[in-house]
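Each remark here refers to the structure printed beneath this line.
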Amino acid sequence: MHVIAIASYVICAAAFLAGAVLLAVSWRGQRTGVLLIVATLATVLWAMFLAYAEWKRTVPVNLILLAEVLRFGAWLVFVSALFGARSMSDPRRVWRIGVHALWIALALYCLWPMTALAKTAAMSLNISLPLVGILVLALIGVVFLEQIYRNVDPEQRWALKFLVIALGVLFAYDIFLYSYAVLYREFNLSAWAARGFIDAALVPLLLVAAARNPRWSLEVGVSRRVVFYSTSLLVVAVYLVATAIGGYYVRLYGGDWGSVAQITLICVALLFVLLIATSGQARARVRVILQKNFFSFRHDYREEWLRLTATLSAGDTELPLRAVRAVAQIMDSPAGALFLRDEDGQLVPEARWNMPIPAGLTVSATLPAIEWMRERQWIFNLDDPPPLDEARLSAPAELQALPRAWLLVPLVLEERLVGLVVVAQPRARRTFDWEDIDLLRAAGSQVAGTLAQAVNARRLAEARQFEGFNRLTAFLMHDLKNVAAQQSLLLQNAERHKRNPAFVDDMLTTVTNSVGRISRLLEQLRGGVTPATLGRVQLAVVIDKALVECQAQLPRPAYQPVAEKLWVRANPEQFATVLGHVLRNAQDAAQAHGHVTLTLKRVASEAVIEIEDDGAGMDEDFIRNRLFKPFFSTKESKGMGVGAYQAREYVRSLGGTVSVNSAPGQGTVFAIRLPLAGGEGNSNAADPLTAAS
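Below you can see the structure in the form of structure tokens.
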């Protein structure tokens, strides 16, 4: 092991020397680059000294510890320089000064036995103190690296990754080495011998990091969250080291009970750490201490706003409960309740979070205190006297009686009180000042806007449901109007032709057809009708059915069929109804003495149905902007305005197109184009749908 340790540190010195030469050749004149070169050369001298000490075996232990401290000091100077703190009020500068003071004090302590003062005072070196100090330095190095990597711009993490890995491994390995030494009062010889090889393997990573950062111009910021977690990590680490040292001495001087007492002490200490780490009150007290001593502003507004937005947009719970949590967590409160204003002007409880609310509790929104809150966005601190010391402006007694109620935060949107949030006492006692007031007012406006948006979205959804129902009703009324027109014509002609058997047969057929259509409409209104299936139908049969339904109105359409049989895919009942709508519109436009012509022809692979009338015609603007607009009609109270829209949408659902050619005073041509179905050339083929139609 003796020879292996010498070879290990010699190789380490050679690797870092080569790295220092490469860094010096590529140096760009930056101060941070100089510190990296100095730290690398310090590691070279450190490794050479340890190799020499391993070879001679006569070097005093205080000089070995001094070399360790100086090596750590060089790397900590480089790492702390990456923060780039420029202001004396910057907490990062305080940390740097404290760390440098620590390693310098340790170095002087290791030099103490070499001075004449130590001989005069007859004081010897206590090896435990430098071991614990070096362990703390290694812990601080890991914390610094974690802060740098977490707070550097995401674009610079790629360049900083290998430096963090290399120095992280260097510090972490020394934490393991010195933790063992502190616990057992001796070094692990295998770990000590292997350290040179491990450190030498880190040189390529440092060189890659230097190549990626030629100027070492890093923009590092420190957030409150990082300060909190880094401080907690450091405190826990120091606590565990102290516990381990105490356990060692208990075992050393405890006699027969030493081992049992050591295990018991360590387990109890770990249990205490877990209890503290999971305590919300302990975390709150740490945050208060850090805010008072390390930051000029109490709140990190960026973090608070991001957390508020994340809480409101999360989908884990209902929005009112998320609103309570969003406001309460700003003040580190564990409970709260939300009251929303209803249509009667009462504030009613909408959600509660860890706060019981009496049944039936309501508060009038017209109380002077509530109006004062709305007008001035006033936040009531229930521990303080009422505004202007006026009793009438006191917070409602019902809200003051809630368990641990502390603050009343108004939710105001455009000078309208949406509601208020009752915030419970925080986990750790704290003052309530202007920073809290400004932040809560801004958060209250944000929460009010979110709640109002949710209410409007719910009302819009209800309005859309009614709109859909009204649109369905309009389509049904349009069809019922046509059925009623047929029945009216029958009644008009019944007295004159009631003894004509042919008329009676036609009347029965028309009534049967009307009853069937009304029954289908009722089923559709109840939602029990199934979607119509599409099949191959012969266009001539559908057209004949539509013409029969329109024969009662003048002018009667003239039909010009095609010689061949044309087949399309459609539902015969729906297509006949749609075609009847178009024919009746043409009859209405042509009036009683006009002419309506229906022409069926084939163009390539499409069937074309043209319905022409000699009515008043339409201009281009009307066709483009109003003809196919639902619920717009030119027939005043006689029309529903859905016929043309329904025809176009149904034809489109069949893969066809609708076009209109018209001009004022020249009549209108309404053309429907449908793709022909397969097998349309087989004129003798039987089709069950055709027979049914």
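Add 23 to the 1-based position in the sequence shown for my numbering, that's all there is to it.
Beta carbons: idealized from backbone N, C-alpha and C, even for Gly.
- Message: Taking contact to mean 3 or more Cβ pairs, one atom from each stretch, closer than 8 Å, check whether the segment 337 to 350 and the segment 359 to 370 are in contact.
- Response: yes
- Task: State the beta-bridge partners of Ile-634 as determined by DSSP.
- Result: Your numbering for residue 634 matches position 611 in the sequence shown. Paired residue(s): Leu-621 and Phe-693.
- Message: Assuming Gly-156 is part of the alpha helix (DSSP H), what are its boundary residues?
- Response: Residue numbering aside, residue 156 sits at position 133 when the sequence shown is read from its first letter. Counting along the chain, the alpha helix (DSSP H) containing Gly-156 begins and ends at 151 to 174.
- Task: Using DSSP bridges, identify the partner residues of Gln-510.
- Result: In the sequence shown, the residue the question calls residue 510 occupies position 487. Per DSSP, none; premise fails for Gln-510.
- Query: In three-state terms, what does DSSP make of Val-57?
  - Reply: For the purposes of this step, residue 57 is taken as the residue at position 34 of the sequence shown. Three-state result, Val-57: helix.
- Message: Applying the 10 Å Cβ sphere with the 16-neighbour rule, what's the burial state of Ser-682?
- Response: Numbered from its first residue, the sequence shown carries residue 682 at position 659. By the neighbour-count rule (16 or more Cβ atoms within 10 Å), Ser-682 is not buried but exposed.
- Please classify Tyr-75: is it buried, with 16 or more other beta-carbons within 10 angstroms of its beta-carbon, or exposed? Residue mapping note: residue 75 aligns to position 52 of the sequence shown, counting from 1. Exposed.
- How about Ile-541 and Leu-621: are their beta carbons less than 9 Å apart? In the sequence shown, residue 541 corresponds to position 518, counting from 1. In the sequence shown, residue 621 corresponds to position 598, counting from 1. No; because the gap between Cβ atoms is not below 9 Å, this pair is not in contact.
- Do Ala-37 and Ala-65 have their C-beta atoms closer together than 9 Å? Here residue 37 corresponds to residue number 14 of the sequence shown, with the count starting at 1. Here residue 65 corresponds to residue number 42 of the sequence shown, with the count starting at 1. For Ala-37 and Ala-65, no; Cβs fall outside 9 Å.
- Going by the beta-carbon positions, is the gap between Leu-474 and Val-441 smaller than 9 Å? For the purposes of this step, residue 474 is taken as residue 451 along the sequence shown, with counting starting at 1. For the purposes of this step, residue 441 is taken as residue 418 along the sequence shown, with counting starting at 1. Yes, the Cβ-Cβ distance between Leu-474 and Val-441 is below 9 Å.
- Query: So what does DSSP say about Glu-700, is it helix, strand or coil?
  - Reply: If you number the sequence shown from 1, residue 700 lands on position 677. The residue asked about is misnamed: residue 700 is Ala in this sequence, not Glu. Residue state, collapsed to three classes: coil.
- What residue does the alpha helix (DSSP H) around Arg-348 start on, and which one ends it? Locating residue 348 in the sequence shown gives position 325, where the first residue counts as 1. Taken as a continuous stretch (DSSP letters only), the alpha helix (DSSP H) holding Arg-348 covers 342 to 351.
- Task: Can you say whether Asn-608 is buried or exposed, counting buried as having 16 or more other CB atoms within 10 angstroms of its CB?
- Result: By 1-based counting over the sequence shown, the position of residue 608 is 585. Answer is buried; the Cβ neighbour count reaches 16.
- Looking only at DSSP bridge pairs, what is Arg-719 linked to? Outside the shown range of the chain (24 to 716) lies residue 719, about which nothing can therefore be said.
- Item | Glu-398, DSSP secondary structure in three states | Your numbering for residue 398 matches position 375 in the sequence shown. In this structure, Glu-398 counts as helix in the three-state DSSP scheme.
- Message: By alpha-carbon positions, which one of Gln-510, Phe-194, Leu-514 and Glu-633 ends up nearest to Thr-680?
- Response: On the sequence shown, residue 680 is found 657 positions in, with the first residue counted as 1. It is Glu-633 whose Cα lies nearest to the Cα of Thr-680.
- Query: Does the segment 116 to 134 come close enough to the segment 214 to 222 to have 3 or more Cβ pairs within less than 8 Å?
  - Reply: no
- Query: Is Leu-513 near the ligand ZN, with its Cβ less than 8 Å from a heavy atom?
  - Reply: You won't find the ligand ZN in this model; it holds no ligand whatsoever.
- Task: Kindly confirm or deny that the segment 418 to 435 and the segment 463 to 478 touch, where touching means at least three C-beta pairs closer than 8 Å.
- Result: Taking a contact to require three or more Cβ pairs closer than 8 Å, the segment 418 to 435 and the segment 463 to 478 qualify as touching.
- Item | Backbone CA spacing between Asn-377 and Asn-85 [nearest angstrom] | On the sequence shown, residue 377 is found 354 positions in, with the first residue counted as 1. On the sequence shown, residue 85 is found 62 positions in, with the first residue counted as 1. If I take the Cα positions, the gap works out to 59 Å.
- DSSP three-state call for Val-102: helix, strand or coil? To locate residue 102, count along the sequence shown from 1; it is residue 79. Residue state, collapsed to three classes: helix.
- For Lys-184, which of Asp-222, Val-165, Ile-198 and Ala-232 has the nearest alpha-carbon? For the purposes of this step, residue 184 is taken as residue 161 along the sequence shown, with counting starting at 1. Of the candidates Asp-222, Val-165, Ile-198 and Ala-232, the residue whose Cα lies closest to the Cα of Lys-184 is Ala-232.
- Item | 8 Å contact criterion, which Val-446 and Ala-351 should meet: CB distance rounded | What you label residue 446 is simply residue 423 of the sequence shown in a count that begins at 1. What you label residue 351 is simply residue 328 of the sequence shown in a count that begins at 1. The Cβ separation is near 5 Å, so the contact holds.
- Backbone CA spacing between Gln-423 and Leu-329 [nearest angstrom]: Here residue 423 refers to the residue found at position 400 when the sequence shown is read from its first residue. Here residue 329 refers to the residue found at position 306 when the sequence shown is read from its first residue. Rounded to the nearest angstrom, the two C-alpha atoms are 31 Å apart.
- Neighbour-count burial assignment, Ser-716, 16 or more Cβ in a 10 Å radius: Translated into the one-based positions of the sequence shown, residue 716 becomes position 693. With a pLDDT of only 32 at Ser-716, under the threshold of 50, the placement of this residue in the model should not be trusted; the figure read from the coordinates follows. Buried.
- Tyr-201: buried (16+ other C-beta within 10 angstroms of its C-beta) or exposed? Counting from one through the sequence shown, the residue named residue 201 turns up at place 178. It counts as buried.
- Task: Could you check how far apart the C-beta atoms of Gln-400 and Thr-385 are, in whole angstroms? I think they sit under 8 Å.
- Result: As a first step, residue 400 is located in the sequence shown; it is residue number 377 there, counting from the start. As a first step, residue 385 is located in the sequence shown; it is residue number 362 there, counting from the start. Gln-400 to Thr-385, Cβ: 22 Å. No contact.
- Query: Skipping 5 residues on each side, what residues in its chain have a beta carbon closer than 6 Å to that of Thr-332?
  - Reply: By one-based count along the sequence shown, residue 332 stands at place 309. Result list for Thr-332: empty, nothing under 6 Å.
- DSSP-derived helix/strand/coil call for Arg-680: Position 657 of the sequence shown, counting from 1, holds the residue named residue 680. Reading off the sequence, residue 680 comes out as Thr, not Arg. Note: Thr-680 maps to strand in three-state DSSP.
- Message: Would Val-605 and Ala-700 qualify as a contact pair, given that the criterion is a beta-carbon distance under 9 Å?
- Response: Here residue 605 refers to the residue found at position 582 of the sequence shown. Here residue 700 refers to the residue found at position 677 of the sequence shown. Contact flag unset, no.
- Exposed or buried, Gly-539, counting other C-beta atoms within 10 Å across all chains shown (16 or more means buried)? Within the sequence shown, residue 539 is the residue found at index 516, counting from 1. Per the 10 Å Cβ criterion, exposed.
- Query: How big is the Cα-Cα spacing for Ser-676 and Asn-648?
  - Reply: The residue you call residue 676 lines up with position 653 of the sequence shown. The residue you call residue 648 lines up with position 625 of the sequence shown. C-alpha separation (whole angstroms): 21 Å.
- Task: Please list, in chain order, all residues of the same chain as Glu-659 whose beta carbon is under 8 Å from its beta carbon, the five residues on each side excluded.
- Result: For this step, residue 659 is matched to residue 636 along the sequence shown. Because the pLDDT at Glu-659 is just 47, under 50, the model does not fix this residue reliably, and the value given afterwards should be weighed accordingly. If we look at Glu-659 and ignore the five residues flanking it on each side, it has no Cβ neighbours.
- Environment of Ser-685 [buried if 16+ CB atoms lie within 10 Å]: Translated into positions along the sequence shown, residue 685 becomes position 662. Looking at its Cβ environment, which holds 16 or more other Cβ atoms inside 10 Å, Ser-685 is buried.
- Taking the alpha-carbon positions, what's the Glu-373 to Ser-468 distance? Working through the sequence shown from its first residue, we reach residue 373 at position 350. Working through the sequence shown from its first residue, we reach residue 468 at position 445. The straight-line gap from Cα to Cα measures roughly 18 Å.
- Task: For Leu-99, I'd like the list of residues in its chain whose CB is within less than 8 Å of its CB, leaving aside the five on either flank, ordered along the chain.
- Result: The residue you call residue 99 lines up with position 76 of the sequence shown. Result list for Leu-99: Val-122, His-123, Trp-126, Leu-160, Ile-163, Gly-164 and Phe-167, in chain order.
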